[in-house]
Amino acid sequence: MILEVKNISKYFTIERGVFKAEAGLVKALDGVSFSVNEYDTLGIVGESGSGKTTLAKIIIDLIPATSGEVVFAPELIQDLRKDVQIVFQNPYNSLNPKMRISEILSEPLLIHNIVPKPFIKERTLELLRLVGLDEDVLGRFPIEFSGGQRQRICIARALASQPKFIILDEPISSLDLIIQAQMLDLFFELKQRLKLTYIFVSHNLAVVKHIADSVLVMENGRVVEMGNIDEIFYSPKHPYTKALLDAARS
Amino acid sequence: MENLLEIKNLKVDFFVNKKLVPVIDGVSFCINKDEVLVLAGESGSGKTLSALSITKILPHNAIITSGSIKFSGSDLLVMDEKQLVDIRGREIAYIFQEPTSYLNPVFTIGDQITEVIMLHQNKNKESAIEEAKELLSLVKIKEPKRVLFDYPHQLSGGMNQRVFLAMALACRPRLLIADEPTTALDVTIEAQILQLLLELKKTMGFSLLFITHNLSIAKRIANRICIMHKGKIVEEGSVEKIFDAPEHFHTRELINAYEKIGKL
Numbered sequence: 204m205i206l207e208v209k210n211i212s213k214y215f216t217i218e219r220g221v222f223k224a225e226a227g228l229v230k231a232l233d234g235v236s237f238s239v240n241e242y243d244t245l246g247i248v249g250e251s252g253s254g255k256t257t258l259a260k261i262i263i264d265l266i267p268a269t270s271g272e273v274v275f276a277p278e279l280i281q282d283l284r285k286d287v288q289i290v291f292q293n294p295y296n297s298l299n300p301k302m303r304i305s306e307i308l309s310e311p312l313l314i315h316n317i318v319p320k321p322f323i324k325e326r327t328l329e330l331l332r333l334v335g336l337d338e339d340v341l342g343r344f345p346i347e348f349s350g351g352q353r354q355r356i357c358i359a360r361a362l363a364s365q366p367k368f369i370i371l372d373e374p375i376s377s378l379d380l381i382i383q384a385q386m387l388d389l390f391f392e393l394k395q396r397l398k399l400t401y402i403f404v405s406h407n408l409a410v411v412k413h414i415a416d417s418v419l420v421m422e423n424g425r426v427v428e429m430g431n432i433d434e435i436f437y438s439p440k441h442p443y444t445k446a447l448l449d450a451a452r453s
Numbered sequence: 017m018e019n020l021l022e023i024k025n026l027k028v029d030f031f032v033n034k035k036l037v038p039v040i041d042g043v044s045f046c047i048n049k050d051e052v053l054v055l056a057g058e059s060g061s062g063k064t065l066s067a068l069s070i071t072k073i074l075p076h077n078a079i080i081t082s083g084s085i086k087f088s089g090s091d092l093l094v095m096d097e098k099q100l101v102d103i104r105g106r107e108i109a110y111i112f113q114e115p116t117s118y119l120n121p122v123f124t125i126g127d128q129i130t131e132v133i134m135l136h137q138n139k140n141k142e143s144a145i146e147e148a149k150e151l152l153s154l155v156k157i158k159e160p161k162r163v164l165f166d167y168p169h170q171l172s173g174g175m176n177q178r179v180f181l182a183m184a185l186a187c188r189p190r191l192l193i194a195d196e197p198t199t200a201l202d203v204t205i206e207a208q209i210l211q212l213l214l215e216l217k218k219t220m221g222f223s224l225l226f227i228t229h230n231l232s233i234a235k236r237i238a239n240r241i242c243i244m245h246k247g248k249i250v251e252e253g254s255v256e257k258i259f260d261a262p263e264h265f266h267t268r269e270l271i272n273a274y275e276k277i278g279k280l
């Protein structure tokens with residue numbers, strides 16, 4: 204087991220007026236628990252607002268949980284910021300527009316001391332090859348690329364620190380169908396080659412079925428069902444899982 | 017079968033940096049009465065622009081350079097603005113992807129629907145409100161009376177799309193153009209809206225031009241599919257033909273991607 208999420212809750216307070224009086228409570232996550240095995244891909248599905256992204260952000264410690272605990276296996280994950288990475292849904296706003304691709308890719312290498320300085324160029328080229336980009340992109344800016352290419356750059360950046368665990372938060376939802384299929388192949392290949400563990404967050408059940416080993420179904424901040432691919436897709440138990448599947452199949 | 021809309025060799029250019037860039041490059045298709053035609057393709061292939069050309073609601077730097085668009089016999093491209101205003105909304109109505117950004121945030125739902133009715137049907141406010149209520153129940157909004165006084169931000173995305181649909185259908189158009197109407201919605205809501213569209217099409221008897229990048233939706237609702245790629249229609253045919261025996265390279269590429277990840 205590489206990750207164990209224990210009873211995570213996240214409440215957001217709604218503030219009103221100049222003095223920010225508490226006007227209500229939104230339970231974005233309400234007692235979520237699950238675990239992920241090494242080299243597995245866990246798919247997290249649910250409709251918008253079900254808490255998928257909040258969960259991803261809590262796992263990687265971008266926002267604190269109200270209660271509960273996220274535990275990474277200490278023998279596998281020593282440095283959270285280095286060993287766990289995230290790729291976001293929208294590649295248009297997750298790359299710094301003022302940085303060249305070479306800077307975007309070398310920054311994590313420098314911060315985490317992955318390779319000695321003279322080898323940085325070589326390593327960035329290696330990263331580009333991993334995600335299927337040519338070396339002539341290094342001097343260019345994010346704005347010069349298409350959505351699919353930008354997402355490849357985001358993945359290369361995530362791979363720079365040699366992580367063991369990557370959270371993919373709707374990584375292909377903003378891309379065209381053909382590019383989506385290509386990216387899924389890329390995730391698969393990278394996982395095999397670099398021995399990665401994934402959490403794949405998506406609202407698209409077909410995509411999750413294609414890439415995940417097990418699935419977590421979320422509704423309104425709660426886990427309504429969890430199981431392996433066959434259980435979830437061929438014998439769903441919870442009515443919400445059934446409704447999701449019916450909607451996607453009809 | 018009777019052709020309701022017939023587009024022949026439509027070409028649209030964009031004026032960019034003092035140069036003309038072709039974006040629609042000779043598109044021809046027709047829609048028969050009572051038909052659901054799906055225009056499918058990737059982003060940037062020219063689907064939306066083709067649809068906007070029909071009633072000339074194009075961005076200001078777009079120029080229609082050639083072609084003809086015949087709507088029940090008369091050419092829309094030679095009509096002046098005044099004649100087009102009569103067609104838009106009354107004969108040909110649109111619904112778009114993001115309903116919340118097409119509804120005016122500072123007016124109530126009731127104001128916005130009655131505006132359409134009063135503009136196109138010369139009705140007074142009272143009967144327009146009655147009509148609006150009927151329209152809202154037609155699109156299966158549960159409490160039409162209450163929703164009339166709501167503002168768009170008080171409703172969910174799916175509800176707003178229903179409101180938008182009610183506005184589009186206010187004048188009983190003969191052609192409804194639905195441009196990715198469910199893309200911003202959750203799958204369960206998407207299924208509801210699609211079913212509603214098909215039901216209303218049957219009862220109200222309009223033809224439907226449906227634009228989507230989602231092939232599973234295309235398969236679900238289409239009578240015929242046109243596949244667009246880089247400003248051209250590369251393949252046209254029945255659902256069976258497109259899915260079972262695609263001929264064009266790009267169609268095959270799309271179907272392969274669909275078989276792999278679009279299908280459950």
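If you read the protein sequences in the order shown, they are chains A and B.
Our numbering puts the first residue of the first sequence at 204, with every later residue one more than the last.
Our numbering puts the first residue of the second sequence at 17, with every later residue one more than the last.
Don't be surprised by glycine CBs; every beta carbon is placed ideally from N, CA and C.
Quantities reported herein were computed from a predicted structural model and do not represent experimental measurements.
Taking the continuous beta strand (DSSP E) assigned at residue i, which residues delimit it?
i, result
"S270 (chain A)", "S270 to F275"
"E252 (chain B)", "K248 to S254"
"H245 (chain B)", "R240 to H245"
"S417 (chain A)", "S417 to E422"
"T244 (chain A)", "T244 to V248"
When the cut-off is 7 Å and only beta carbons count, does residue i lie next to chain A?
i, result
"K246 (chain B)", "no"
"A184 (chain B)", "no"
"D202 (chain B)", "yes"
"L280 (chain B)", "yes"
"I114 (chain B)", "Before going on, a small fix: residue 114 (chain B) reads as Glu here, not Ile. Output row for E114 (chain B): interface = no."
"I277 (chain B)", "yes"
"A273 (chain B)", "yes"
"E269 (chain B)", "yes"
"A207 (chain B)", "yes"
Would you mind reading off the limits of the alpha helix (DSSP H) that contains residue i?
i, result
"G42 (chain B)", "Not the alpha helix (DSSP H): G42 (chain B) falls in the beta strand (DSSP E), residues K35 to N48."
"F390 (chain A)", "L380 to L397"
"C357 (chain A)", "G350 to A363"
"I133 (chain B)", "I125 to Q137"
"K256 (chain A)", "Checking the displayed sequence, the identity of residue 256 (chain A) turns out to be Thr instead of Lys. Element bounds for T256 (chain A): K255 to I262."
"E373 (chain A)", "That residue, E373 (chain A), is in no alpha helix (DSSP H); it is neither H nor E in DSSP."
"Q281 (chain A)", "Here Q281 (chain A) belongs to no alpha helix (DSSP H), and DSSP marks it neither H nor E."
"E428 (chain A)", "Where E428 (chain A) is concerned, there is no enclosing alpha helix (DSSP H), although the beta strand (DSSP E) it sits in stretches over R425 to N431."
"Y118 (chain B)", "P115 to Y118"
"A450 (chain A)", "P442 to R452"
"K412 (chain A)", "L408 to I414"
"R326 (chain A)", "I323 to L333"
Under a CB-based cut-off of 7 Å, is residue i close to chain B?
i, result
"I435 (chain A)", "no"
"R353 (chain A)", "no"
"A451 (chain A)", "yes"
"A446 (chain A)", "yes"
Name the DSSP bridge partner or partners of residue i?
i, result
"L191 (chain B)", "B:I108 and B:S223"
"S90 (chain B)", "B:F87"
"T400 (chain A)", "A:F368"
"N19 (chain B)", "B:N48"
"V229 (chain A)", "A:F215"
"L181 (chain B)", "None; L181 (chain B) has no bridge partner."
"M175 (chain B)", "DSSP output for M175 (chain B) lists no bridge partner at all."
"L53 (chain B)", "B:L225 and B:R240"
"S238 (chain A)", "A:E207"
Residues, ordered as in the chain, of the region 55-80 of chain B that lie near chain A by beta-carbon distance below 8 Å: Residues E58 and S59.
Members of the region 240-259 of chain A near chain B, C-beta cut-off 8 Å: Per Cβ criterion, the list reads E250 and S251.
Cβ-based contacts, 8 Å cut-off: residues of the region 404-417 of chain A near chain B: Taking 8 Å as the Cβ-Cβ cut-off against chain B, the residues of the region 404-417 of chain A that qualify are H406, N407, L408, A409, V410, K412 and H413.
Give me the subset of the region 356-384 of chain A whose CB atoms are less than 7 Å from a CB atom of chain B, sorted by chain position. If the cut-off is 7 Å between Cβ atoms, the region 356-384 of chain A has D379, L380, I381, Q383 and A384 near chain B.
Using a beta-carbon distance cut-off of less than 9 Å, what residues from the region 222-249 of chain B approach chain A? If the cut-off is 9 Å between Cβ atoms, the region 222-249 of chain B has H229, N230, L231, S232 and R236 near chain A.
Taking contact to mean at least 3 C-beta pairs separated by less than 8 Å, is the region 153-171 of chain B in contact with the region 94-106 of chain B? No, they do not touch.
Does the region 22-29 of chain B come close enough to the region 63-83 of chain B that 3 or more CB-CB pairs lie under 8 Å? Touching, per the Cβ criterion.
When Cβ atoms are compared, which residues of the region 260-286 of chain A fall closer than 7 Å to chain B? Only those residues of the region 260-286 of chain A whose C-beta falls short of 7 Å from the nearest C-beta of chain B would be listed, and there are none.
Under 8 Å, with one C-beta from each stretch per pair, do the region 301-319 of chain A and the region 241-258 of chain A reach the 3-pair mark? Segments in contact, no.
Is it true that the region 344-360 of chain A meets the region 273-281 of chain A, where meeting means three or more beta-carbon pairs spaced less than 8 Å apart? No: fewer than three Cβ pairs fall under 8 Å.
With three or more C-beta pairs closer than 8 Å as the rule, is the region 210-226 of chain A touching the region 259-273 of chain A? Under the Cβ criterion (8 Å, minimum of three pairs), the region 259-273 of chain A counts as touching the region 210-226 of chain A.
The region 61-77 of chain B touching the region 220-240 of chain B, judged by at least three CB pairs closer than 8 Å: Per the Cβ contact rule, the region 61-77 of chain B is in contact with the region 220-240 of chain B (3 or more Cβ pairs under 8 Å).
Okay, do the region 361-379 of chain A and the region 336-344 of chain A touch, 3+ Cβ pairs below 8 Å being the bar? Between the region 361-379 of chain A and the region 336-344 of chain A, the count of Cβ pairs shorter than 8 Å is below three; the stretches do not touch.
Report yes or no: do three or more beta-carbon pairs, one from the region 104-123 of chain B and one from the region 191-203 of chain B, lie closer than 8 Å? The region 104-123 of chain B is in contact with the region 191-203 of chain B.
Could you say if the region 321-332 of chain A and the region 400-413 of chain A meet the contact criterion of at least three C-beta pairs nearer than 8 Å? With the cut-off at 8 Å, the region 321-332 of chain A and the region 400-413 of chain A do not touch.
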